[in-house]
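Inspection log for the structure reproduced underneath, given as structure tokens.
Chains as they are written, first to last, in this note's numbering: chain A, 57 to 568; chain B, 57 to 568.
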């Protein structure tokens, strides 16, 4: 074939850089870092917390500065016309028990950037993470991506400080792009919102600003076992990292012992089988219960058969909802609330502000049921309708449950408890492979916590099929983490909750 | 790694069936078929035409049966509430010369199925194509997919006959799925419309109904060189075929001579270099000017930087448009028209009907500028905004031009002629690698013809860069046909015009 070339191949580059997944896997296998030792993280994080005294208080709506309810529509808007608005939405679905409902929804048409800067130290990729305060965060300070910027941020609508490291993500060629994909945000709370999820490798020297630190993917994996430390924006970006399978014996930092995260109550042996099956799913040539084409065909059919119609309606006219001086909520108390807070802090781009937030009704449960099938890990994904998705359904965890939340699920049970919820909640501790509480985005949601779980079911050869069978109910499919990593390279396949669990699976890929 | 398996791998299958692209490529290389010889196609097609006498006439709107202008909105609607409606749209864009415009648009929320049934005869995949009449088609009868069904079709809203072969595409497991993806339709004429594009291989015997025939991909490739024979629905499905590179010497029908389609005026040698570079782009391990990650990152940036807001408005109130007894059109004559026709035919599911159609203002031009770079074919794609896309931009041909059409292109020139149009129109005949006139979907568009072209520029090593340089202007990128085939496995990357050209590239892959 070389005969047809009229010139040496000097202009072309490989379509796929095979070294990137391997380098990310090596970073996942490194549970200690070159720059900040894992044992020193807590002290560093505490210092960042101390360095930024701040105060978040609930306030009535009439103390919001720049925000008001629009005279005609009753929508909650900012006088600049930017940031976001809280409007009403009427959702009609063709499937499921509840045919239609009304709800408030956040509209923020612009695309933000969630970007993590990466750099190799001693042959191991480290990620530049930020200790960042968000008013809705549990613990207020959480570990965030390097850059977390709405377009308003970087076009200076709020006249704040520059966003640090932004040019790595907005100037093509400033670094080497490892991942860059538009991903959806919460479809239950946002209308058609998506953000750019980016990982960019710096090829020059990077000066580390005070609230920033370099961590390996393995170190972040350890922190993902702690409650409310790694924020949602970091988790969704980490989900997009194209991680390969690397055996735990390949430790790129030989002087540092690999620390196994202790699974919640599980015996080491079961956890070892789980992580080996997880790595197997990412090895080249490993099969799956359904081929990629079959999985995509099922997804296409799910997306096609759903008729979801949404209509924006004035917040003022939202049936069943009423507005009090400090809250917009349902008369029956179900669902979430719209509230307002004031914030005083030094570490944000501006030093003090007020803003609305969405406050859910209680702790959510987000869980993948997982199985080893022929030694390869599979997770049970659910094709889920939410009113705010750009296109009818996205793939969600097996269980995605927020008390009182409006759902349209073909398999929803009469009591409003989704399939598999009680099974997950009742799982024996030795079945739980991962468990931690995480917050959703603290810039829009107030104390929106969920318990994230990976729970293993079944025996490997399918003989004892158990309560989570190989033969899936309608709307559900077994897929491998390797298949999810392929899908998350494109937008609107995996929802944000599934991406948090995929980020955990990515980070666990390095565990022994 | 086998030690971790507790059971033989009986449940798993390969994620990717590597034989499918190869089998499709063999079909593309077969320019004659086992069932219907290429030389007999014209006679068969003429017989189908004779078998179905029909008549399409323009009528005034008040002769439409079941259709009327809604009393309040002026929208053109069907009394069943199904099929489609013609409404008004206000489009606002942040980029480009024209900041906003009003236009009529077709709204048809439901997802249709465009499906081609495949089956192997003597080791070669053949595709079951249908001679189907559509009222807007030039020549009326064109070659269509096996199934071309709106949801109204198969739920029998119009009380017509059964859709033949439909269960292969709606019943999982009825055949082997080779491709299944939601793809957008014309964003300038449809609001958020997408169809399922499917190729399914039959594993059982198939009875061939009178209007149907089995053709190889190579035979269809020959027909794609004729004007107005292969309809749009067939072309978009063929674009989704995951074709591999197979050298022309591998002819799966050795008794049949391979017929080279004569390029329009080009010498055989240049055409041979072109097809070899085309095949090279699909070989495993072949590089590209931009890696897949870089290409996706550029696309993500293009999609993110565009602010496109659309608002549905009543057709009655559309500024600049007026309604006459037989047409809705712009007062200045620019853009397209909404008209009505009556149809009498025996070969449709129902025997006579009336319906509205969109009629564009003239012949369009859809062209890829192509270059051989280091012996690998590249095409210049354009990130194009259209008001009806689900998400701001999709990848379009280098030139996509319909006279008077509303466009929002960052690079649009003052005269309203897009970049590269005059270059394409002025190209010397020996630069033209493909040229044919095709119609857009005849069920919605009346005589919507475009000249589709592949025109080669530049020399291979980039020394003489010429008018279509290696360094792309903003909004454009060089991509290989192999990269486009990867992208078209997912929805909303390639627009329908680019998919027609990709279908031609797929079919040409078998040419010697």
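Ideal placement from N, C-alpha and C gives every residue a C-beta, glycine not left out.
Under the Cβ criterion of 7 Å, residue 390 of chain B is not counted among the residues facing chain A. Beyond the five residues adjoining it in sequence on each side, residue 195 of chain B comes within less than 7 Å, by CB distance, of 284 in the same chain, given in chain order.
Counting other Cβ atoms within 10 Å of its Cβ, residue 259 of chain A stays below 16 and is therefore classed as exposed. Taken through DSSP and simplified to helix, strand or coil, residue 532 of chain B comes out as strand. For residue 169 of chain B, the pairing in a beta bridge is given by DSSP as B/205 and B/252. A distance below 7 Å separates the beta carbons of residue 168 of chain B and residue 206 of chain B.
By the Cβ rule, the stretch 233 to 240 of chain B counts as touching the stretch 347 to 356 of chain A, because three or more pairs are nearer than 8 Å. In this structure, residue 419 of chain A places its C-beta atom within 7 Å of the C-beta atom of residue 505 of chain A. As the crow flies, the alpha-carbon of residue 270 of chain A is around 11 Å from that of residue 263 of chain A. The continuous beta strand (DSSP E) containing residue 240 of chain B extends over residues 232 to 240. At a cut-off of 7 Å between beta carbons, residue 202 of chain A makes no contact with chain B. Burial state of residue 85 of chain B is buried, judged by a 10 Å Cβ sphere holding 16 or more other Cβ atoms.
Cβ proximity to chain A below 9 Å picks out nothing from the stretch 113 to 144 of chain B. Going by DSSP, residue 506 of chain B is part of the beta strand (DSSP E) stretching over 505 to 512. Residue 544 of chain A and residue 374 of chain B have their C-alpha atoms roughly 41 Å apart.
Inside the stretch 472 to 504 of chain A, DSSP marks whole beta strand (DSSP E) runs of 3 or more residues at positions 488 to 495, from first to last along the chain. Judged by beta-carbon spacing, residue 198 of chain A lies within the 7 Å limit of residue 287 of chain A, meaning their Cβ atoms are closer than that value. Classified as exposed, residue 100 of chain A has fewer than 16 neighbouring CB atoms from the shown chains inside 10 Å of its CB. Against chain A, the CB of residue 429 of chain B has a partner CB under 7 Å away; the residue lies at that interface.
Neighbourhood of residue 378 of chain B in chain A, by CB distance below 9 Å: empty, with the nearest CB roughly 28 Å away. 7 Å or more divides the Cβ of residue 289 of chain B from the Cβ of residue 104 of chain B. The continuous stretches of beta strand (DSSP E) do not include residue 294 of chain B, which lies in the alpha helix (DSSP H) extending over residues 288 to 295. Residue state for residue 150 of chain B is assigned as coil, using DSSP reduced to three classes. When B/474, B/448, B/445 and B/441 are compared, the shortest CA-CA separation from residue 455 of chain B is found for B/474.
Comparing alpha-carbon positions, the option among B/385, B/171 and B/179 lying closest to residue 75 of chain B turns out to be B/179.
A distance below 8 Å between beta-carbons, with the five flanking residues on each side excluded, links residue 394 of chain A to the following residues of its chain, in chain order: 132, 142, 160, 383, 384, 385, 412, 413, 414 and 415. Residue 238 of chain B has a beta carbon lying within less than 7 Å of a beta carbon in chain A. Residue range 75 to 85 is occupied by the alpha helix (DSSP H) that includes residue 79 of chain B, with no beta strand (DSSP E) assigned at that position.
Using beta-carbon distances, residue 348 of chain B counts as an interface residue toward chain A, with a partner under 7 Å.
Residue pairing by DSSP leaves residue 353 of chain B without any beta bridge partner. When DSSP reads this structure, residue 188 of chain B sits in a beta bridge with B/198.
Residues of chain B with a Cβ closer than 7 Å to the Cβ of residue 79 of chain A do not exist; the shortest Cβ-Cβ separation is about 13 Å. Short of 6 Å from the beta carbon of residue 559 of chain A, and not among the five residues preceding or following it, lie these beta carbons of its own chain, in chain order: 291, 294 and 295. The residues 269, 271, 275 and 279, in chain order, have a CB closer than 8 Å to that of residue 97 of chain A in the same chain once the five nearest residues on each side in sequence are set aside. Taking all protein chains in view, the Cβ of residue 239 of chain A is crowded by 16 or more other Cβ atoms within 10 Å, so the residue is classified as buried.
DSSP places residue 522 of chain A outside both helix and strand once states are collapsed to three, so it counts as coil.
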